[in-house]
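**Q** Dropping the structure in here first, questions after.
In our numbering, the protein residues as written are 5 to 206.
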């Protein structure tokens, strides 16, 4: 009877033990990560969460978010979730508003500073603006992410939209946001990067 009771206790504790041993990744993004135009369960974050072993994704993405807005929200998120990693997918809305690249770099740098000071490692997603913003602005914008990756020695993850945007059948009618069909492709694209870095790879 005692043995049976002990085994039952162990079985009941297994899910919480597994969760405690998980590597947590806070997704700090905008509408591209916030399931814009669909339910949360249809988005890539939820889909990828189902396929990852010992990695837990916490989605703190907000549609329309700028780097400045995320910077204001970040301290509370870090305190609440205490993530092992922060995946930063931000900058698109700064670009759409024509914010100057130095402001983008300053805000992203502060996001990296806060995350690292809280003990979280950072993965930075490359973000790009549409070509109609002009080659000079687009080049300066893209360079911000490369510079920050080098200066802070953090992984720069390729922009997943480069695999989605060229295909109209994967985009919503606005031509900006990925549709439901694209979410699985985004999850597949990001999974090896998350597994690699969360498991201590270089």
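For every residue, glycine included, the Cβ atom is placed at its ideal position computed from N, Cα and C.
Among 182, 109, 140, whose alpha-carbon lies nearest the alpha-carbon of residue 151?
**A** Within the chain shown, numbered from 1, the residue matching residue 151 stands at position 147. Nearest option by C-alpha distance: 109.
**Q** Can you tell me whether DSSP reads residue 14 as helix, strand or coil?
**A** Taking the chain shown and counting its residues from 1, the one referred to as residue 14 is at position 10. At residue 14, the pLDDT of 36 sits below 50, so the modelled position is not reliable and the matter cannot be decided from this model.
**Q** Quickly, what does DSSP pair residue 93 with across the bridge? List them, please.
**A** As a working note, residue 93 is residue 89 in the chain shown. BP columns for residue 93 point to 33.
**Q** What's the call for residue 193, buried or exposed, on a 16-neighbour Cβ count within 10 Å?
**A** As a first step, residue 193 must be located in the chain shown, where it is residue number 189. Here residue 193 is buried: its Cβ has 16 or more other Cβ atoms, across all protein chains shown, within 10 Å.
**Q** Which partner residues of residue 189 appear in the DSSP bridge assignment?
**A** By 1-based counting over the chain shown, the position of residue 189 is 185. Answer is none; residue 189 lacks a bridge partner.
**Q** Is residue 27 a contact residue of the ligand ADP, with contact defined as CB to any heavy atom under 7 Å?
**A** No copy of the ligand ADP appears in this structure; indeed no ligand is present at all.
**Q** Going by DSSP, name the residue or residues bridged to residue 125.
**A** As a first step, residue 125 must be located in the chain shown, where it is residue number 121. DSSP lists 89 as partners of residue 125.
**Q** Among the residues of its own chain, which have a CB less than 7 Å from the CB of residue 187, if the five just before and after it don't count?
**A** Residue 187 sits at position 183 when you count from the first residue of the chain shown. By the criterion of a C-beta distance shorter than 7 Å, residue 187 is surrounded in its chain by 46, 47, 48, 51, once the five residues flanking it on both sides are discounted.
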